[in-house]
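J.:
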Amino acid sequence: MESFQGSGVSPGIGLGMARVLRSVASSVVCRSITQEEAPTELERFTKALEHIGEDIRLLLQSFSFKKEERDILNTHLLILEDPALRESVEKGVLEELVCLEFAVARYFQQAAQIFGAMQDEYLAQRMADYREVSQRLLGHLRSDEDEFTLDEKQDNILVAEEVPVALLMKIAKNKLAGIAVERGSATSHAIIVARSLGVPVVTGIADITKKIHEGAVCVVDGHSGMLAVNPDRHTKEVYAQLMASERQHQEELTKLIGVETRTADGARVHLRMNIENPDEVDHVMHMGGDGIGLLRTEFIFLNRSSLPTEDEQYEIYRTIAEKVHPAPLVIRTVDIGGDKLSNLLSLQKEQNPALGLRGIRLSLAHPDLFRTQIMAILRAAVAGNVHIMLPLIIRLEEVRRSKEIIKSCEQELIQRGVEFRRGVPLGVMIETPAAAMISGMLARECDFFSIGTNDLIQYTLAVDRTSENVSDLYDPCHPSVLHLITLTVQNARKYNLPVAVCGEMAAEADFIPFFIGLGLHDLSLSPGLYLIAKEHIMRTRSSDVIDLVLDILDAESTEDTRKRINEWRHKHRY
Amino acid sequence: MTQKDITVTNKLGLHARPSALLVKLANNFRSEFHIVNGDSEVNGKSIMGVMTLAAAQGTRLTLFADGEDEEYLLDEVTKLFASNFNED
Numbered sequence: 002m003e004s005f006q007g008s009g010v011s012p013g014i015g016l017g018m019a020r021v022l023r024s025v026a027s028s029v030v031c032r033s034i035t036q037e038e039a040p041t042e043l044e045r046f047t048k049a050l051e052h053i054g055e056d057i058r059l060l061l062q063s064f065s066f067k068k069e070e071r072d073i074l075n076t077h078l079l080i081l082e083d084p085a086l087r088e089s090v091e092k093g094v095l096e097e098l099v100c101l102e103f104a105v106a107r108y109f110q111q112a113a114q115i116f117g118a119m120q121d122e123y124l125a126q127r128m129a130d131y132r133e134v135s136q137r138l139l140g141h142l143r144s145d146e147d148e149f150t151l152d153e154k155q156d157n158i159l160v161a162e163e164v165p166v167a168l169l170m171k172i173a174k175n176k177l178a179g180i181a182v183e184r185g186s187a188t189s190h191a192i193i194v195a196r197s198l199g200v201p202v203v204t205g206i207a208d209i210t211k212k213i214h215e216g217a218v219c220v221v222d223g224h225s226g227m228l229a230v231n232p233d234r235h236t237k238e239v240y241a242q243l244m245a246s247e248r249q250h251q252e253e254l255t256k257l258i259g260v261e262t263r264t265a266d267g268a269r270v271h272l273r274m275n276i277e278n279p280d281e282v283d284h285v286m287h288m289g290g291d292g293i294g295l296l297r298t299e300f301i302f303l304n305r306s307s308l309p310t311e312d313e314q315y316e317i318y319r320t321i322a323e324k325v326h327p328a329p330l331v332i333r334t335v336d337i338g339g340d341k342l343s344n345l346l347s348l349q350k351e352q353n354p355a356l357g358l359r360g361i362r363l364s365l366a367h368p369d370l371f372r373t374q375i376m377a378i379l380r381a382a383v384a385g386n387v388h389i390m391l392p393l394i395i396r397l398e399e400v401r402r403s404k405e406i407i408k409s410c411e412q413e414l415i416q417r418g419v420e421f422r423r424g425v426p427l428g429v430m431i432e433t434p435a436a437a438m439i440s441g442m443l444a445r446e447c448d449f450f451s452i453g454t455n456d457l458i459q460y461t462l463a464v465d466r467t468s469e470n471v472s473d474l475y476d477p478c479h480p481s482v483l484h485l486i487t488l489t490v491q492n493a494r495k496y497n498l499p500v501a502v503c504g505e506m507a508a509e510a511d512f513i514p515f516f517i518g519l520g521l522h523d524l525s526l527s528p529g530l531y532l533i534a535k536e537h538i539m540r541t542r543s544s545d546v547i548d549l550v551l552d553i554l555d556a557e558s559t560e561d562t563r564k565r566i567n568e569w570r571h572k573h574r575y
Numbered sequence: 016m017t018q019k020d021i022t023v024t025n026k027l028g029l030h031a032r033p034s035a036l037l038v039k040l041a042n043n044f045r046s047e048f049h050i051v052n053g054d055s056e057v058n059g060k061s062i063m064g065v066m067t068l069a070a071a072q073g074t075r076l077t078l079f080a081d082g083e084d085e086e087y088l089l090d091e092v093t094k095l096f097a098s099n100f101n102e103d
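Note that the protein sequences, when read in sequence, are chains A and B.
For the first sequence, the numbering used here begins at 2 and goes up steadily by one.
For the second sequence, the numbering used here begins at 16 and goes up steadily by one.
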């Protein structure tokens with residue numbers, strides 16, 4: 002047995018026989034052709050482009066790929082149909098009389114050099130796209146049918162220099178147990194696709210296509226980054242067990258679908274989902290859940306040449322409200338910055354859009370936009386259990402003004418003779434330190450709170466969590482965060498206000514006991530985290546968490562908080 | 016032939032994604048389309064060309080379109096730039 006240590010970039014464990022994808026570019030020989038042969042060579046080129054282009058277009062139509070995957074395929078199409086490629090090939094074949102394969106390989110090698118020299122990281126990554134199209138094209142030319150397939154009779158481990166994205170989308174996925182490659186970073190498109198397919202991937206193994214033989218039995222461990230070739234019996238057993246327990250865990254999670262969420266001692270918890278797209282609703286319904294705790298409405302305003310009309314918005318809200326009825330649908334009014342709407346509203350450019358005219362500020366500064374959205378929501382509220390939520394609140398004044406506008410919208414709808422619901426519950430997102438600290442005052446004038454932990458953490462710690470330089474400072478265990486959440490909940494409690502937690506923290510085993518201990522029984526999170534969160538909630542015993550809250554709030558630092566949480570988890574086998 | 020000056024305003028400049036959007040849009044039109052950045056001129060319908068421009072935020076480009084739908088092309092391209100390629 003041999004083992005190789007790489008990086009695990011997509012979790013999971015796979016066992017199968019190696020199916021090696023060898024690079025064709027390196028084996029292209031320059032052959033010269035005659036004047037008479039030239040047109041035929043060019044004809045081969047045109048046919049190859051058509052065939053592969055057709056393949057990609059069919060893929061784009063027939064599978065419901067995520068946006069990321071479609072972007073990759075579209076880029077491949079652009080590369081394939083680039084006039085620069087055709088010009089270069091025509092020059093090679095017609096003028097220099099070199100064979101088609103050479104002309105193609107040369108163009109892509111030149112492209113690789115250009116991109117390789119670029120400073121821009123995004124562009125350097127495009128090299129992978131170019132390489133893949135090059136492989137595809139050359140592979141197609143060498144044998145007139147499309148190349149690489151998996152062995153359908155067994156589980157395969159795909160071994161290659163890079164993860165071939167378009168190929169990945171084509172091949173029989175149920176027979177692909179894992180992938181091991183020489184290069185590919187965790188954030189590259191290809192790896193993202195592999196992750197979304199749930200295929201374990203190990204990367205960073207040098208000369209892998211030369212080291213692994215076709216058909217060798219391999220184990221890919223996407224957690225540790227290990228690749229074992231021809232594993233001995235002991236290794237096989239260890240991995241078989243790991244795989245079995247993973248499979249079992251997945252099955253158990255699936256059994257939770259449709260089950261009412263309660264703690265281990267029967268306390269009911271409302272577990273809702275955050276969505277940003279009507280397409281997600283069916284999936285949400287399938288998982289069960291207690292409704293939609295956050296409908297992000299930005300998608301309605303993006304990628305447009307004119308602002309969405311009241312009727313357009315009404316249709317969207319009504320459809321979703323009907324589908325989830327009687328469970329609630331909480332609609333958050335548009336939460337984007339002026340920078341994203343600058344072509345629709347004439348706005349000044351801001352240095353710092355995240356702290357600028359966005360969220361409720363933008364809505365209040367553009368009453369027409371706000372009114373249109375409110376009226377659409379009030380109308381849709383007839384069809385279901387709709388709530389309105391205001392983003393980025395920092396002042397009571399913002400809530401009062403919003404209520405005036407809502408009242409005025411109700412009057413307008415009455416005058417127009419349009420059906421709508423009165424008294425739609427109005428809540429605010431507590432996502433700024435300001436809002437948390439005045440939550441007592443806000444509680445008197447709202448119908449509910451939703452604590453937006455993602456942004457609350459960023460604004461409280463003044464950290465941009467997407468910046469690699471400081472992302473480790475973004476830590477929910479910072480005492481300030483937990484104290485602000487506690488303060489908010491206490492104020493809500495004082496005024497009998499429903500309060501929910503909305504954000505990634507709601508799904509984490511580290512914090513679910515804390516939230517339950519605080520008496521929070523409304524959580525909302527992304528559909529992908531729903532089942533895991535449910536599992537954690539159902540294992541939490543209310544009696545165990547009583548002392549946890551006080552203990553954590555006593556912590557003197559981020560590390561101390563984490564230490565106390567870990568101790569609690571260890572003690573209660575959580 | 017029509018031309019127009021434009022400034023790249025989106026934060027990350029003309030990286031891969033906006034380049035792809037631009038080329039895809041340009042290829043919907045029949046006119047020839049070229050982009051000039053200082054000394055370099057590229058074919059705006061070629062993904063290779065546009066990506067090698069690697070125009071960062073703040074870069075001023077001149078767009079040239081030549082053909083029956085040249086004005087329409089420039090209008091649509093201008094809108095795409097103005098929307099910051101739907102980013103940030």
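From the three backbone atoms N, C-alpha and C, an ideal C-beta is built for every residue, glycine too.
1. If you follow the beta strand (DSSP E) that Cys503/A is part of, which residue opens it and which one closes it?
2. Glu38/A: which of Gly223/A, Glu91/A, Lys154/A and Asp448/A sits nearest, CA to CA?
3. Which bits of chain A does Gly64/B rub up against, with CB to CB less than 7 Å?
4. Just to make sure I have the definition right: I need the residues of chain A whose C-beta is within less than 7 Å of the C-beta of Thr67/B. Which are they?
5. According to DSSP, simplified to helix, strand and coil, what is Gly428/A?
6. Please list, in chain order, all residues of the same chain as His537/A whose beta carbon is under 6 Å from its beta carbon, the five residues on each side excluded.
7. Pair every Cβ in the segment 322-329 of chain A with every Cβ in the segment 276-296 of chain A, then say whether three or more of these pairs are closer than 8 Å.
8. Could you tell me if Ala207/A is buried or exposed, where buried requires 16 or more neighbouring beta carbons within 10 angstroms of its beta carbon?
9. Skipping 5 residues on each side, what residues in its chain have a beta carbon closer than 8 Å to that of Met16/B?
10. On the CB-based measure, 16 or more other CB atoms within 10 Å of its CB, does Gln62/A come out buried or exposed?
11. Please state if the CB of Ile406/A and the CB of Arg372/A are separated by a distance shorter than 8 Å.
12. What in chain B is Cβ-close to Asn75/A, meaning under 8 Å?
13. Any beta carbon of chain B sitting closer than 8 Å to that of Ser347/A?
14. Can you list, in chain order, the stretches of the beta strand (DSSP E) that have 3 or more residues and sit fully within the segment 159-234 of chain A?
15. Taking Cβ to Cβ, would you say Val38/B is nearer than 8 Å to Gln72/B?
16. Count the other CB atoms, across all protein chains shown, that sit within 10 Å of the CB of Lys60/B; report buried if there are 16 or more and exposed otherwise.
17. Chain A partners of Lys106/B, CB-CB under 7 Å?
18. I'd like the list of long-range same chain contacts for Pro165/A, defined as Cβ closer than 6 Å, with 5 residues on each side in sequence excluded.
19. Which word fits Thr35/A, buried or exposed, when buried means at least 16 other C-beta atoms lie within 10 angstroms of its C-beta?
20. I think Gly13/A touches Glu313/A, with their Cβ atoms under 8 Å apart; what is that distance to the nearest whole Å?
21. Against Ala80/B, what residues of chain A qualify as contacts under a CB-to-CB distance less than 9 Å, listed in chain order?
22. From this set, Val65/B, Leu89/B and Ile50/B, which residue's C-alpha is nearest Arg32/B's C-alpha?
23. Kindly indicate the opening and closing residues of the alpha helix (DSSP H) around Leu393/A.
24. Could you name the residues of the segment 88-99 of chain B whose beta carbon sits closer than 9 Å to any beta carbon of chain A, in the order they occur along the chain?
25. Against chain B, with Cβ distances strictly below 8 Å, would Ile486/A count as a contact?
26. For Ala112/A, go through chain B and note every residue whose CB falls closer than 8 Å to its CB, in chain order.
27. Can Ile547/A and Arg565/A be called in contact, C-beta distance under 8 Å?
28. What is the rounded straight-line gap between the Cα of Ile375/A and the Cα of Ser440/A?
29. Quick one: what does DSSP say Glu82/A is sitting in, helix, strand or coil?
30. Ends of the beta strand (DSSP E) at Ile533/A?
31. Alpha carbon to alpha carbon, how far is Thr454/A from Glu398/A?
32. With 8 Å as the threshold, decide whether the Cβ of Leu79/A is near any Cβ in chain B.
33. Note the first and the last residue of the continuous beta strand (DSSP E) segment covering Thr77/B.
34. Ignoring anything shorter than 3 residues or poking outside the segment 243-291 of chain A, list the beta strand (DSSP E) runs there in chain order.
35. I want to verify the contact list: residues of chain B whose CB lies under 8 Å from the CB of Arg127/A, in sequence order.
36. Please report the straight-line C-alpha distance between Tyr460/A and Leu50/A, rounded to a whole angstrom.
T.: Reading from the atomic positions:
1. For Cys503/A, the enclosing beta strand (DSSP E) stretches over residues Val500 to Cys503.
2. Ranking the options by Cα distance to Glu38/A, first place goes to Glu91/A.
3. Within 7 Å Cβ-Cβ: Ala85.
4. Under the 7 Å cutoff, chain A gives Ile115.
5. Note: Gly428/A maps to strand in three-state DSSP.
6. The answer, listed in chain order, is Ala510 and Ile513.
7. Yes: the two stretches touch, three or more of their Cβ pairs being nearer than 8 Å.
8. By the C-beta density criterion, Ala207/A is exposed, having fewer than 16 other C-beta atoms within 10 angstroms.
9. So the list reads Phe79, Ala80, Asp81 and Glu85, once near-sequence residues are dropped.
10. So Gln62/A counts as exposed.
11. A contact, by the Cβ cut-off of 8 Å.
12. Correct list: Ala35 and Lys39.
13. False, the Cβ-Cβ gap to chain B never drops below 8 Å.
14. Runs of the beta strand (DSSP E) inside the segment 159-234 of chain A: 177-182, 202-204, 218-222 and 227-230.
15. Contact: no.
16. With 16 or more other Cβ atoms within 10 Å, it is buried.
17. The requested residue 106/B does not occur in the structure, where chain B is confined to residues 16 to 103.
18. Within the same chain, Pro165/A has close Cβ partners Glu133.
19. Looking at its Cβ environment, which holds fewer than 16 other Cβ atoms inside 10 Å, Thr35/A is exposed.
20. Their Cβ separation, rounded to whole angstroms, is 42 Å, which puts Gly13/A and Glu313/A out of contact at 8 Å.
21. Listed along chain A, no residue sits closer than 9 Å to Ala80/B by beta-carbon distance, the nearest being about 15 Å off.
22. Nearest C-alpha to Arg32/B among Val65/B, Leu89/B and Ile50/B: Val65/B.
23. Neither: Leu393/A is in no alpha helix (DSSP H) and is coded neither H nor E.
24. Close to chain A, meaning a Cβ-Cβ distance shorter than 9 Å, are the following residues of the segment 88-99 of chain B: Lys94, Ala97, Ser98 and Asn99.
25. Judged by the 8 Å Cβ criterion, Ile486/A is not in contact with chain B.
26. Near Ala112/A (Cβ distances below 8 Å), the residues of chain B are Met63.
27. No, Cβ-Cβ distance for Ile547/A and Arg565/A is not below 8 Å.
28. Rounded to the nearest angstrom, the two C-alpha atoms are 24 Å apart.
29. In this structure, Glu82/A counts as coil in the three-state DSSP scheme.
30. Careful: Ile533/A lies outside any beta strand (DSSP E), inside the alpha helix (DSSP H) at Pro528 to Arg540.
31. Taking the straight line from one Cα to the other gives about 23 Å.
32. Under the Cβ criterion of 8 Å, Leu79/A is counted among the residues facing chain B.
33. For Thr77/B, the enclosing beta strand (DSSP E) begins and ends at Arg75 to Asp81.
34. With a minimum length of 3 residues, the continuous beta strand (DSSP E) runs that stay inside the segment 243-291 of chain A are 271-276.
35. Ordered by position in chain B, the residues that pass the 8 Å Cβ test against Arg127/A are Ala31 and Met66.
36. One alpha carbon belongs to Tyr460/A, the other to Leu50/A, and they sit about 51 Å apart.
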